[in-house]
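A.B. asks: Got a structure for you, questions after.
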Amino acid sequence: MPTKIFSEELRWQEEIADSVESGVPYVWRILVMRIRAVLMLGLMLLSFITVVLMPSVFGGERVAVSQTVLMASEQEPVSPPQAEAERLFQQGMQQYQQGNRSFARF
Numbered sequence: 000m001p002t003k004i005f006s007e008e009l010r011w012q013e014e015i016a017d018s019v020e021s022g023v024p025y026v027w028r029i030l031v032m033r034i035r036a037v038l039m040l041g042l043m044l045l046s047f048i049t050v051v052l053m054p055s056v057f058g059g060e061r062v063a064v065s066q067t068v069l070m071a072s073e074q075e076p077v078s079p080p081q082a083e084a085e086r087l088f089q090q091g092m093q094q095y096q097q098g099n100r101s102f103a104r105f
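Here the sequence shown is numbered in numbering that gives the first Met the number 0, starting from 0 and rising by one per residue.
Structure, rendered in structure tokens:
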């Protein structure tokens with residue numbers, strides 16, 4: 000535990016020395032970092048509110064994810080009909096078997 004406190008003290012001394020060398024007071028650097036952090040959190044909160052909680056503000060309707068998936072699956076089929084799939088499978092098997100026979104001739 001004492002080494003952690005000692006290393007923390009060294010880190011603070013290095014930061015203060017860096018601020019003295021750069022000519023910017025240490026207090027101003029801390030203040031700018033905190034203001035920047037608050038602005039970033041505010042921006043993230045604002046984007047969360049506008050996208051998730053109030054999408055109707057931008058003209059969109061709030062639709063559940065399951066309804067969106069259901070609407071997308073109604074518009075276009077995910078897989079071909081069973082008869083078409085069976086026909087394609089049989090055609091592929093025939094081509095595979097013909098390929099094996101022609102390979103066996105050599």
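Even glycine gets a Cβ: it sits at the ideal position worked out from N, Cα and C.
1. Taking the C-alpha atoms as reference points, what is the distance between Ile48 and Glu20?
2. So Leu30 is in the alpha helix (DSSP H); what residue range does that whole segment cover?
3. Check this for me: beta carbons of Tyr25 and Ile34, under 8 angstroms apart or not?
4. On the premise that Ser18 lies in contact with Arg10, defined as a C-beta separation below 8 angstroms, what is that separation, rounded to the nearest angstrom?
5. Measuring only the C-alpha atoms, how far is Glu85 from Val50?
6. According to DSSP, is Met92 helix, strand or coil?
7. Tell me whether Val50, by its Cβ, gets closer than 7 angstroms to a heavy atom of the ligand GTP.
C.D. replies: Put simply:
1. 42 angstroms
2. 25 to 47
3. no
4. That pair is no contact at about 13 angstroms.
5. 44 angstroms
6. helix
7. By its list of ligands, the structure shown contains no ligand whatsoever, and the ligand GTP lies outside what it can speak to.
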